[in-house]
Amino acid sequence: MISPEDWSAYGSRFIDPSGRVIDDANGNISHSEGQGYGMLLAFLAGDKASFERIWTFTRTELLIRDDGLAAWRWDPKADPHVTDINVASDGDILIAYALALAGRAWKVPDYEESATRIAKALGQQAIRREGGRLVLLPGVTGFSAEERPDGPVLNLSYWIFEAFPVLARLAPEVDWEGLAASGKELLSLARLGPAKLPPDWISAPSNGPLVPAEGFEPVFGYNSLRIVLYLLRAGITDTDVQKVVLDNWMVQNGGMPAIVNIPTGKALARLSEPGYRMLAATLACAIDGSAIPADLRRLQPSQYYPSTLYLLSLSLVGEKYPTCLR
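Start counting at 1 in the sequence shown, then tack on 1470, and there's your number in this note's numbering.
What follows is the structure, given as structure tokens:
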């Protein structure tokens, strides 16, 4: 759960009265990921009114495609506001997951029905066999083997493992268990470069090894940072990538997550904001039983993304690892 104080601090900073979740480090745009995060956090805070407000904006402004999925990018300065109609599949997973949780807990059938439609659409549009594997394409267009010579191109931080069992109840025809298994396999195979870390964007061809995708910076970066959190939130604590990340953050980078260049294994930046340090502290708590530092036990809003990761981390620690807060 999320405390009223932390949720109020987050909402007053990043959620406007219309229910739009604002990415203040990215030109104050909104996106499907942010709306999904906002809905999930509102559910964890038990705030039904804010949940409905965020969902209403999402439904009316982003769910405008004819395939049942959300357009991913909404810009307050543009006209029309949607500036990229393509999908970001992790955003749709987050939206459907939050709707499913809220629908069941709060007994709102409309939420569960909406979650079901999105889950089925994901199965039809974004989850497919590529390169001999069941994969989650990051978008409906632009990432498949047919569209890119190095395709499929994948982003392993889009695998939100905790959501898959919930969505399987709504769309059992989709092989969510197989998708989870392929995600874990890919994470094992994607430990690249001297640091053995997964890049944000990978090429996963059927006839060769995984490599950093062309046209993307070859880094373990802001996307991949959240992989370990998603694994932990799903109850997965025994993957090699978690141990490697823990060593990189706690031993090599002084308790701070780092952006790491894949070819060289060198840290390009150490992320000292509380939300990022909370990721490292949460991983250390889950793996080693380390206490959460005193200065990380209350939200200190900085920017949208690290603040979001902070609340997801703290809610996990409070639920599954309360001894780390003693």
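Where is the CB? At the ideal position from N, CA and C, for every residue including glycine.
Please look up how many angstroms separate the CB atoms of residue i and residue j, rounded, as I've assumed it's under 8 Å.
i, j, result
"residue 1782", "residue 1703", "7 Å"
"residue 1729", "residue 1738", "5 Å"
"residue 1744", "residue 1772", "7 Å"
"residue 1615", "residue 1600", "6 Å"
"residue 1664", "residue 1689", "Not quite, the Cβ-Cβ distance comes to about 13 Å (not below 8 Å), so this is no contact."
"residue 1619", "residue 1605", "The pair is not a contact, with the Cβ atoms about 17 Å apart (cut-off 8 Å)."
For the alpha helix (DSSP H) containing residue i, name the first residue and the last one.
i, result
"residue 1739", "Unbroken run through residue 1739 is the beta strand (DSSP E), 1737–1740; no alpha helix (DSSP H)."
"residue 1655", "1646–1659"
"residue 1769", "Where residue 1769 is concerned, there is no enclosing alpha helix (DSSP H), given that its DSSP letter is neither H nor E."
"residue 1475", "1474–1484"
"residue 1757", "1744–1758"
"residue 1638", "1634–1640"
"residue 1792", "That residue, residue 1792, is in no alpha helix (DSSP H); it is neither H nor E in DSSP."
On the DSSP bridge list, what partners appear for residue i?
i, result
"residue 1718", "DSSP lists no partner for residue 1718."
"residue 1672", "1624 and 1682"
"residue 1667", "1662"
Give me the residue from the options with the minimum Cα distance to residue i.
i, options, result
"residue 1560", "1501, 1527, 1582 and 1521", "1501"
"residue 1735", "1714, 1752 and 1741", "1714"
"residue 1757", "1528, 1618, 1708 and 1632", "1708"
"residue 1574", "1518, 1618 and 1622", "1518"
"residue 1642", "1487, 1588 and 1664", "1588"
"residue 1535", "1604, 1609, 1672 and 1654", "1609"
"residue 1541", "1547, 1549 and 1531", "1531"
"residue 1550", "1766, 1499 and 1660", "1499"
"residue 1741", "1723, 1495 and 1544", "1723"
"residue 1687", "1657, 1625 and 1656", "1625"
"residue 1652", "1759, 1628 and 1766", "1628"
Open item on the list: In chain order, what are the residue ranges of uninterrupted alpha helix (DSSP H) at least 4 long that sit wholly in the stretch 1488–1541?
Closed with: The stretch 1488–1541 contains these whole alpha helix (DSSP H) runs: 1502–1514 and 1518–1527.
TODO: Kindly provide the ranges of any beta strand (DSSP E) runs that are 3 or more residues long and lie completely inside the stretch 1678–1731, ordered along the chain.
DONE: 1728–1731
Open item on the list: Going residue by residue through the stretch 1532–1611, where are the continuous alpha helix (DSSP H) segments of at least 4 residues, counting only ones entirely within it?
Closed with: 1559–1576 and 1579–1595
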